[in-house]
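To convert, note that position 31 of the sequence shown is 31 in the UniProt record's numbering; the numbers rise steadily by one, no gaps.
Data block below; observations after.
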Amino acid sequence: MAVGAKSTTAKASLDALFATKKTAAKVPKDAASKPKGTAVVAGKQDKQSAKHQLDALFSGIKAKKQQKIDEDNAVRRQEDKELAEKRAYRKHLEALEAEHKQKNNDSSDPRPVRYDADGLPIYSEESLRLNQGGETADCPFDCWCCF
């Protein structure tokens, strides 16, 4: 019986060996119970998860790029605002100068009225405003009447 016992144990070990291979090769119960269409959905989910992983890797770069664009836009808006303020100030000064000229009846223009034979300009005393200033507290350096 020793031979029979050996063959029984050998047969049992062979059955155990093949039984483990069959169970290892078997499809899991979850996959077996699902219809075939879910395998396609699972493949799509794998692609989506891979896409999300890539997005997670590059999200820092996208955020930095967007932040730089936002900072550049903020700087540009600030420069535009400063330029608009300068233009408004310049218009204000021009309006003050026009008002001053209107108050003082100052219509003289320092452009030449005539030219001589050689083409050189001839200025009048009035256009150069000679002998017309010196009556304000700001004269002779800070006034509007002398220059």
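We put the CB at the ideal spot given by N, CA and C, even for glycine.
None of these values were measured; they are calculated from a predicted model.
Alpha carbon to alpha carbon, how far is R87 from D46? As a working mapping, residue 87 is identified with position 87 in the sequence shown. As a working mapping, residue 46 is identified with position 46 in the sequence shown. If I take the Cα positions, the gap works out to 59 Å.
Is DSSP giving Y123 helix, strand or coil here? Within the sequence shown, the letter at position 123 stands for residue 123. DSSP places Y123 in coil when its eight states are reduced to three.
Any chance the CB of L120 is under 7 Å from a heavy atom of the ligand GTP? Within the structure as shown, the ligand GTP is missing, as the structure has no ligands at all.
Residues sharing a beta bridge with Y115, DSSP: On the sequence shown, residue 115 is found 115 positions in, with the first residue counted as 1. Beta-bridge pairing links Y115 to P121.
Could you tell me whether any Cβ in chain B is nearer than 8 Å to the Cβ of R76? Included in the structure is just one protein chain, with no chain B present.
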